[in-house]
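Enquirer:
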Amino acid sequence: MRFPTLNDDYAKIDEPEATRMLHYAIDHGLNYLDTAYPYHGGNSELFVGRALKNGYRKRVRLATKMPCWLVETTADFDKYLNEQLGKLQTDPIDFYLLHTLNEKRWTQVRDLGVLDWAERAITDGRIGHIGFSFHDKYEVFQGIVDAYDGWTFCQIQYNYMDVEEQAGTKGLRYAAARGLAVVIMEPLLGGRLANPPAVVQEIWDDAPAKRAPADWALQWLWNQPEVSVVLSGMSAMQHVTENIASAETATVNALTEAELAIVDRVRAKYQEICPVPCTRCEYCLPCPNGIRIPRLFALLNDGVMHNRIEDARRQYEQLSAEEKADVCVQCRQCEPLCPQRIPISDWLIRVDAILGQGQPYRPISI
5 MRFPTLNDDY AKIDEPEATR MLHYAIDHGL NYLDTAYPYH GGNSELFVGR ALKNGYRKRV
65 RLATKMPCWL VETTADFDKY LNEQLGKLQT DPIDFYLLHT LNEKRWTQVR DLGVLDWAER
125 AITDGRIGHI GFSFHDKYEV FQGIVDAYDG WTFCQIQYNY MDVEEQAGTK GLRYAAARGL
185 AVVIMEPLLG GRLANPPAVV QEIWDDAPAK RAPADWALQW LWNQPEVSVV LSGMSAMQHV
245 TENIASAETA TVNALTEAEL AIVDRVRAKY QEICPVPCTR CEYCLPCPNG IRIPRLFALL
305 NDGVMHNRIE DARRQYEQLS AEEKADVCVQ CRQCEPLCPQ RIPISDWLIR VDAILGQGQP
365 YRPISI
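Our numbering applies: residue 5 is where the sequence shown begins, and numbers increase by one.
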């Protein structure tokens, strides 16, 4: 979902560079590749299908996801899976997930018979294993895990900031205890943990072990025996080489108590200073009025966390009138789609007040 793009257009993958990155990663040990129906405006699966030719498909376990929010009838399960098999130019898909389950979506696809359908798709050879990705409360997560003995794996948002959010550490351990492999998404919170503000970097600099911030975040995950695989979105070759180097040193239970305490200090500092908990997943898009919501939240977050609010205001001023937050009509169509449960419309009002009207930023809860 984070391949390099052309002209800042999420739907236009820079295919030569993305292919170079992907092949390099596979050549250096990457063996699990995660995509999904909506990524890059529907173009991610098409690109992955092309990029895995010439023997590369046989060298990875390929995962993609059923777009559960589009499913209206039982027939849609076959409709979307067969479309994805064609886009990916593969048969079978090794790991197939019910995408971004929450209580409402789970209830809908469950009642349409998705579990019986999945068993048939495994039997007929179209998919190898069935799992789900998740964005909701822990209680919902536990209910989904308990609902079916045939889950092979699950995918959760987890990082050192999200220990109590969504499934959290409790969900990680519960799923692993039930025999599920656990795939980690958002290990760097959409890249935010890789580029810390000065007040956070000072804490890392005090650590006895010297690591890049991204490496700290990844090692914290790999340190936990319940973590099966970590998905790190890479949009530049530098990300690929650095992540491979980090993975080469990863072992379970390697971090000391002192190092884990450093991570706890960093978490506390981030919680003090970050305004909007947006990971830039872009599930809120497209906005009916064309607002690029994650970009606006990133402007505010970066301005506040890096003490560069005037720079953020200048960037905001350079946006076209149609791109600014005051275009929001408070329809709130985006809010049920947000995995982080952000009250997006309310925050857009604040974004325009702070970046557009020059009001001072003051930490408050919305």
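All C-beta atoms in this analysis are idealised placements derived from N, C-alpha and C, irrespective of residue type, glycine included.
As an exercise, report each continuous alpha helix (DSSP H) stretch of at least 4 residues that is fully enclosed by the stretch 86 to 157, in chain order.
Expert: Here the runs fully enclosed are 107 to 115, 118 to 127, 142 to 150.
Enquirer: Can at least three beta-carbon pairs, one atom from the stretch 222 to 232 and one from the stretch 272 to 286, be found at a separation below 8 Å?
Expert: Segments in contact, no.
Enquirer: Within 10 Å of its beta-carbon, does C288 have 16 or more other beta-carbons around it, so buried, or fewer, so exposed?
Expert: Taking the first residue of the sequence shown as 1, we reach residue 288 at position 284. When all chains shown are included, C288 counts as buried.
Enquirer: Classify A55: buried if its beta carbon has 16 or more other beta carbons within 10 angstroms, exposed otherwise.
Expert: Residue 55 sits at position 51 when you count from the first residue of the sequence shown. The residue in question, A55, is buried, as its Cβ has 16 or more Cβ neighbours within 10 Å.
Enquirer: Select from Q223, P201, V204, I368 the residue whose C-alpha is nearest the C-alpha of P191.
Expert: The sequence position of residue 191 within the sequence shown is 187, counting from 1. Of the listed residues, the one whose Cα sits closest to P191 is Q223.
Enquirer: What's the call for D13, buried or exposed, on a 16-neighbour Cβ count within 10 Å?
Expert: Taking the first residue of the sequence shown as 1, we reach residue 13 at position 9. Looking at its Cβ environment, which holds fewer than 16 other Cβ atoms inside 10 Å, D13 is exposed.
Enquirer: Can you tell me which of A185, G175, D166 puts its alpha carbon nearest to the alpha carbon of L193?
Expert: By 1-based counting over the sequence shown, the position of residue 193 is 189. When only C-alpha atoms are compared, the closest one is D166.
Enquirer: Expressed to the nearest angstrom, what Euclidean distance is found between the alpha-carbon atoms of M309 and V333?
Expert: In the sequence shown, the residue the question calls residue 309 occupies position 305. In the sequence shown, the residue the question calls residue 333 occupies position 329. If you take the alpha carbons of M309 and V333, they lie about 28 Å apart.
Enquirer: Helix, strand or coil for D38, going by three-state DSSP, please let me know.
Expert: The residue given as residue 38 occupies position 34 in the sequence shown. Looking at D38 - three-state DSSP - the assignment turns out to be strand.
Enquirer: According to DSSP, is Q205 part of a helix, a strand, or is it coil?
Expert: Numbered from its first residue, the sequence shown carries residue 205 at position 201. Correct three-state label for Q205: helix.
Enquirer: Bridge partners for V233 per DSSP, in chain order?
Expert: The residue you call residue 233 lines up with position 229 of the sequence shown. Answer by DSSP bridge pairing, in chain order: V187.
Enquirer: Please classify P200 as buried or exposed, where buried requires at least 16 other C-beta atoms within 10 Å of its C-beta.
Expert: One-based indexing of the sequence shown puts residue 200 at position 196. Per the 10 Å Cβ criterion, buried.
Enquirer: How would you label K91, buried or exposed, when you count the other beta carbons within 10 angstroms and need 16 or more for buried?
Expert: One-based indexing of the sequence shown puts residue 91 at position 87. By the 10 Å Cβ count, K91 comes out buried.
Enquirer: Cα-Cα, which of D95, K174, W226, A15 is closest to T255?
Expert: Position 251 of the sequence shown, counted from the first residue, corresponds to residue 255. Of the candidates D95, K174, W226, A15, the one whose C-alpha sits nearest the C-alpha of T255 is W226.
Enquirer: How long is the line joining the alpha carbons of Y60 and D306, rounded to whole angstroms?
Expert: Your numbering for residue 60 matches position 56 in the sequence shown. Your numbering for residue 306 matches position 302 in the sequence shown. Between Y60 and D306, the C-alpha separation is close to 38 Å.
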